[in-house]
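See structure below.
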Amino acid sequence: MAQSTDGERETLTLGRLLQERLLRAAAPAVAETDLDRPVSTCLPWAEATRSTGPLDGAIVFAHADEVDAAGLRAVADTGAAALVVAGAAPETDVALPVLGADDRVAYRDLNRLVAELSLARETHVLRYGLTVHRSLVELLYRGAGLPALCHQMARLSGGGVAILDPQYRVLAFEQSRDRVFEPGAVAGALRAETASIPIEPSQTHAHPSVHVLHVEDAPVTCVANPILLGGRHDGWVVVIESADPPHPHDVAEHRVVVEQSATIVGTEMLRMRSVEQAEERARGDFVHALLHGRFATAHDLEARATHYGFPVEGSYGVIVAGSLGASGATESLTALFQLARDATRLAPRPDSHTLATVVGDVLAVIRPVEPGRRGASPDAAGRELADYARVLAQELARRVHRDIPVAFGRAVSGAARIFDSYREARLALGLRKRLDIDQVCGFQDLRVYATLVDLAGSEGGQAFARDILGPLRGQRSGSGDLETAVLTYIQSGGNLNAAARELHVHRNTMLYKLDRASRALQLDLRDAEHQFTVWLAHKLDLLAETATAVDRDVRPS
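Sequential numbering of the sequence shown, starting at 1, is according to this note's numbering.
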């Protein structure tokens with residue numbers, strides 16, 4: 001299981017101080033576990049023994065004749081880093097490193113040494129941070145992109161580098177010189193380690209953290225910094241150290257790299273997002289133009305299609321999903337467009353040019369299909385569209401946690417005819433709702449409607465529907481309208497008792513309604529041909545009403 005460490009910025013330690021000539025003779029007297037004690041200041045014995053607060057990071061200096069048992073215990077209780085005694089170091093059992101130095105060493109010598117080393121380290125951090133910042137900003141200014149920033153960070157750190165999005169997906173990765181890592185394994189291990197750590201996007205700065213991860217059953221030390229910019233968490237910058245165990249100096253430099261790069265990488269991600277959104281808007285305009293046939297000329301279509309690498313001679317079908325913005329739904333416009341982006345990645349195919357956009361509360365997908373080949377089944381393209389439509393319906397249900405109606409039009413040849421498939425898909429979607437169909441359906445599946453669609457839009461078809469249904473709609477019986485009674489009777493196969501049960505009326509009442517309807521129509525509704533006449537008029541009227549509503553949305557202005 002991964003373990004994390006606090007890993008502060010590199011500071012002066014007791015071990016580093018003992019490497020100086022002034023204290024080199026005292027080094028053997030210090031336990032190895034005490035060498036990592038941080039050192040930040042130097043205090044004389046008299047001041048340290050009078051202190052009532054903690055002295056973390058303090059080196060206390062004393063002459064041998066000043067030290068006594070009570071003072072030793074008092075200094076040890078303050079948490080001081082060590083006691084340096086000029087002269088013979090006394091034997092003691094307190095939990096404090098006691099170092100013996102040459103009796104010629106003075107307090108001012110030790111104080112100057114600590115100050116110089118601390119200042120030198122701070123200066124090194126500042127200088128290194130400036131180098132990192134300058135080199136990355138130059139790449140940012142040139143718009144080199146995330147891979148170039150990642151490569152430069154790897155050069156500066158000598159380790160592997162990963163840039164991850166908030167979902168821990170790898171956006172860019174650069175291997176280290178000494179060790180090869182699988183990017184997904186590193187991202188997964190970091191996710192397991194940091195996913196539970198709360199990150200407040202409103203904060204303007206976050207400090208790096210050092211983590212020991214288990215990647216492919218081996219310990220790996222990495223330094224990570226969240227990318228916080230513009231009130232949002234945009235991911236992580238990670239430096240992966242190849243050495244095991246890593247040198248503290250290298251880890252400290254990695255901290256500088258990720259801290260300096262987080263804002264720069266975030267700025268590049270913001271720029272890329274702006275470019276992607278602009279491209280997406282332009283692509284969305286192109287998709288809308290395809291769906292609604294809004295091209296001035298064939299040359300205009302070809303020019304815009306070439307820009308997006310969209311073959312104008314291909315075969316396509318349109319799939320639509322409706323009611324995405326239904327009453328009570330919580331999907332925002334941004335979420336709807338994210339659904340459109342994700343729809344283009346479903347069921348990927350090589351050399352595919354799937355496009356998608358949102359039209360009102362409808363998701364529309366233009367899906368390429370294999371062109372008909374000699375000997376191939378004529379409905380092969382329809383099966384391709386049906387398979388994709390079912391995958392889309394399942395994905396939408398998973399994403400929005402409710403069933404979304406999905407329908408599709410017939411496949412067409414050529415980008416100029418995509419409008420026809422889109423109109424059919426919208427018709428199928430509207431009819432699915434009116435007919436209470438609870439599964440994915442294509443326009444071709446609604447066979448009778450596909451056959452009657454042209455007739456329903458003609459003047460003759462509309463006049464026929466008015467002539468037949470008009471008399472029924474102008475008559476009302478004591479228990480409801482005659483049109484419903486007649487249609488129920490027809491849908492029951494001319495079974496009077498079944499129709500009466502469906503309408504929850506007495507058999508005699510049903511007879512009365514049919515008699516009134518027959519007189520109004522001047523047709524004997526017991527005759528199968530006359531029943532077909534009324535049924536056909538009803539279907540033409542339903543289809544014309546649906547087509548009128550659809551055409552208001554899909555017809556080019």
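Backbone N, C-alpha and C fix where the C-beta goes; we use that ideal spot for every residue, glycine too. On a predicted model such as this, the values are computed, not experimentally measured, just so you know.
Where does the unbroken beta strand (DSSP E) through residue i begin, and where does it stop?
i      : result
Gly129 : Not the beta strand (DSSP E): Gly129 falls in the alpha helix (DSSP H), residues 107–142.
Asn497 : Premise fails: Asn497 lies in the alpha helix (DSSP H), 496–503, not in any beta strand (DSSP E).
Val210 : 209–215
Thr221 : 218–229
Ala58  : 58–63
Ile319 : 315–321
Gly100 : 98–101
Asp234 : 232–241
Ala86  : 82–86
Thr41  : 41–44
Thr357 : 355–359
Val94  : Val94 -> no beta strand (DSSP E), and no H or E assigned at all.
Can you check which of these residues, the options, is closest to residue i by C-alpha distance?
i      : options                        : result
Val440 : Ala463, Gly414, Ala485, Val391 : Val391
Leu385 : Ala364, Leu43, Trp236          : Ala364
Val574 : Ala46, Arg552, Pro248, His233  : In the structure as shown, the chain begins at 1 and stops at 557. Residue 574 is therefore absent and cannot be evaluated.
Ile227 : Arg552, Pro54, Ala206          : Ala206
Ala64  : Asp56, Gly71, Ala86            : Ala86
Ala520 : Leu472, Glu545, Gly382, Gln152 : Leu472
Val94  : Ala101, Asp103, Ala88, Asp77   : Asp77
Glu216 : Val318, Arg426, Phe181, Ser51  : Phe181
Ala381 : Ala397, Gly442, Asp361         : Gly442
Ser135 : Gln152, Glu122, Leu126         : Gln152
Trp236 : Arg50, Val210, Ala243          : Val210
Gln350 : Val369, Thr334, Leu336         : Looking at the sequence provided, one finds Pro at residue 350 rather than Gln. Of the listed residues, the one whose Cα sits closest to Pro350 is Val369.
Asp102 : Asn111, Ala88, Ala115, His288  : Ala88
Ser242 : Gly184, Arg177, Ala428         : Arg177
Arg383 : Val318, Ser323, Ala120         : Val318
Gly314 : Ala393, Ser518, Gly414         : Gly414
Pro575 : Leu139, Ala48, Ala26, Thr11    : Residue numbering for the chain in the displayed model covers 1 to 557; residue 575 lies beyond these limits and cannot be assessed.
Gly322 : Tyr308, Phe310, Leu339         : Leu339
Leu96  : Arg341, Thr33, Leu119          : Thr33
Asp165 : Val105, Arg273, Gly71, Thr92   : Arg273
Leu336 : Thr49, Leu126, Val400          : Val400
Leu469 : Phe532, Val448, Ala411         : Phe532
His307 : Val287, Leu43, Tyr316, Val320  : Val287
Just reading off the alpha helix (DSSP H) that residue i is part of, what are its end residues?
i      : result
Gly15  : 14–17
Val550 : 528–554
His151 : 146–157
His307 : 298–307
Glu193 : 183–194
Arg383 : 380–400
Glu483 : 482–491
With a CB to CB cut of under 8 Å and the five nearest residues on each side skipped, what residues in its chain are close to residue i?
i      : result
Asp109 : Leu22
Leu542 : Leu431, Arg434
Ala347 : Asp387, Tyr388, Val391
Arg73  : Val94
Asp68  : none
Ser492 : Ala498, Ala499, Glu502
Thr546 : Leu427, Gly430, Leu431, Arg434
Pro183 : Ala162, Val170, Phe173
Kindly list the residues whose CB is nearer than 7 Å to the CB of residue i, restricted to its own chain and excluding five residues on each side of it in sequence; keep chain order.
i      : result
Ala376 : A caution first: Ala376 carries a pLDDT of 46, below 50, which makes its placement in the model unreliable, though a value can still be read off. There are no such residues.
Arg552 : none
Leu540 : Leu452, Leu455, Ala456, Gly461, Phe464, Ala465
Asp36  : Thr13, Gly15
Tyr128 : Glu253, Val256
Ala397 : Asp403, Ile404
Thr488 : Ala499, Glu502, Leu503
Leu18  : Arg24, Ala26, Ala27, Val30
For residue i, collect the residues of the same chain with a Cβ closer than 6 Å to its Cβ; drop the 5 residues on either side in sequence, then sort them by chain order.
i      : result
Thr354 : Thr344, Arg367
Val239 : Ser157, Gly159, Val161, Val223, His254, Val257, Val258
Ser327 : Legend: pLDDT at Ser327 = 40, less than 50; position of this residue unreliable, value from coordinates given subsequently. Taken in chain order, the list of residues that qualify is empty.
Ala62  : Trp45, Val85
Gly284 : Thr357
Arg191 : Tyr168
Ala329 : Interpretation of Ala329 is limited by its pLDDT of 45, a score under 50 that renders its predicted location unreliable; no figure is taken from the coordinates.
Thr41  : Ala58
Val312 : Glu302, Ala305, Ala415
Glu47  : none
Let me see if you follow: with CB-CB separation under 7 Å, is residue i close to chain C or not?
i     : result
Thr13 : Chain labels in this structure do not include chain C; a single protein chain is all it has.
Sorry if obvious, but does the Cβ on residue i come closer than 6 Å to a heavy atom of the ligand ADP?
i      : result
Ala547 : Among the ligands in the structure shown, none appear at all, so the ligand ADP cannot be discussed.
- Item | contact_flag[the region 284–300, the region 396–414] where n(CB pairs < 8 Å) is 3 or more | no
- Going along the chain, which unbroken runs of the alpha helix (DSSP H) with 4 or more residues stay wholly within the region 426–478? 447–457, 459–473
- Query: Is it true that the region 135–147 meets the region 267–276, where meeting means three or more beta-carbon pairs spaced less than 8 Å apart?
  - Reply: yes
- Task: Could you tell me whether the region 531–551 touches the region 458–466, where touching means 3 or more Cβ pairs closer than 8 Å?
- Result: As far as the Cβ criterion goes, the region 531–551 touches the region 458–466, which means the pair count is three or higher.
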